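What follows is a set of notes on a single structure, which appears directly below.
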């Protein structure tokens with residue numbers, strides 16, 4: 001069933017570290033998502049976020065980011081694994097909004113230099129997503145050994161990832177459509 005307006009599913013790159021290999025994964029996912037019919041996307045790089053770090057939560061809400069989160073039908077978060085966790089700056093940025101996320105889909109792509117592909121960081125993000133009111137999909141994409149997965153120009157070197165990405169995006173799009181329908185047509189009593 002086609003939706004009247006395209007779904008808006010931004011890709012949030014959840015790190016500001018120098019030399020971050022997760023940028024390649026985020027760009028790849030944004031490109032693959034942009035190829036999907038009935039979907040609009042854009043890359044939101046938290047490294048360029050104007051949010052201050054001298055306060056937290058909705059006290060630092062930035063109008064541009066909040067408007068994108070309000071418009072979003074779903075989110076795709078690319079999160080590198082930092083010592084078995086996720087980026088503190090990602091949490092800081094996500095916490096700047098609350099009501100904007102309620103009953104929206106989220107998919108998480110993990111990135112790591114090792115064999116787990118950010119799985120441990122994703123595991124820690126899941127309860128945060130729930131607390132923010134987001135609905136997590138049950139597929140993840142795990143970019144393992146990321147230093148060997150992309151060339152220096154960001155080209156994916158292992159084509160088997162495209163099948164994983166396709167499965168992940170289909171689930172994210174389905175859940176985004178379903179939740180949009182619910183938000184628009186089903187009153188929460």
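Numbering (my numbering), first residue to last: 1 to 189.
Glycine included, C-beta positions come from ideal geometry on N, C-alpha and C.
Keep in mind it's a predicted model, so treat the numbers as computed, not measured.
Residues near residue i by beta carbon distance below 6 Å, same chain, minus five either side
{"i": "residue 228", "result": "Look at the range of the chain in this structure, 1 to 189, and you will see that residue 228 is not part of it."}
Contacts around residue i, its chain only, beta-carbon distance under 7 Å, and the 5 residues preceding and following it disregarded
{"i": "residue 86", "result": "14, 79, 121, 124 and 125"}
{"i": "residue 186", "result": "none"}
{"i": "residue 178", "result": "none"}
{"i": "residue 45", "result": "13"}
Same chain, Cβ closer than 8 Å to residue i, neighbours up to 5 away in sequence not counted
{"i": "residue 147", "result": "21 and 113"}
{"i": "residue 158", "result": "149"}
{"i": "residue 167", "result": "139"}
C-beta contact flag for residue i and residue j at 7 Å
{"i": "residue 26", "j": "residue 43", "result": "yes"}
{"i": "residue 73", "j": "residue 8", "result": "yes"}
{"i": "residue 172", "j": "residue 117", "result": "no"}
{"i": "residue 5", "j": "residue 169", "result": "no"}
{"i": "residue 134", "j": "residue 101", "result": "yes"}
{"i": "residue 47", "j": "residue 16", "result": "yes"}
{"i": "residue 142", "j": "residue 110", "result": "yes"}
Rounded separation between residue i and residue j - CA only
{"i": "residue 151", "j": "residue 189", "result": "51 Å"}
{"i": "residue 40", "j": "residue 10", "result": "8 Å"}
{"i": "residue 3", "j": "residue 61", "result": "Because residue 3 carries a pLDDT of 46, less than 50, the predicted location of this residue cannot be relied on, and the following value inherits that uncertainty. The straight-line gap from Cα to Cα measures roughly 30 Å."}
{"i": "residue 65", "j": "residue 56", "result": "15 Å"}
{"i": "residue 156", "j": "residue 37", "result": "22 Å"}
{"i": "residue 49", "j": "residue 90", "result": "10 Å"}
{"i": "residue 144", "j": "residue 119", "result": "9 Å"}
{"i": "residue 180", "j": "residue 96", "result": "22 Å"}
{"i": "residue 18", "j": "residue 81", "result": "15 Å"}
{"i": "residue 165", "j": "residue 77", "result": "13 Å"}
{"i": "residue 70", "j": "residue 154", "result": "30 Å"}
{"i": "residue 98", "j": "residue 132", "result": "6 Å"}
{"i": "residue 136", "j": "residue 23", "result": "22 Å"}
{"i": "residue 162", "j": "residue 92", "result": "31 Å"}
Residue burial classification, residue i (beta-carbon count within 10 angstroms, cutoff 16)
{"i": "residue 75", "result": "buried"}
{"i": "residue 59", "result": "exposed"}
{"i": "residue 140", "result": "buried"}
{"i": "residue 176", "result": "buried"}
{"i": "residue 53", "result": "exposed"}
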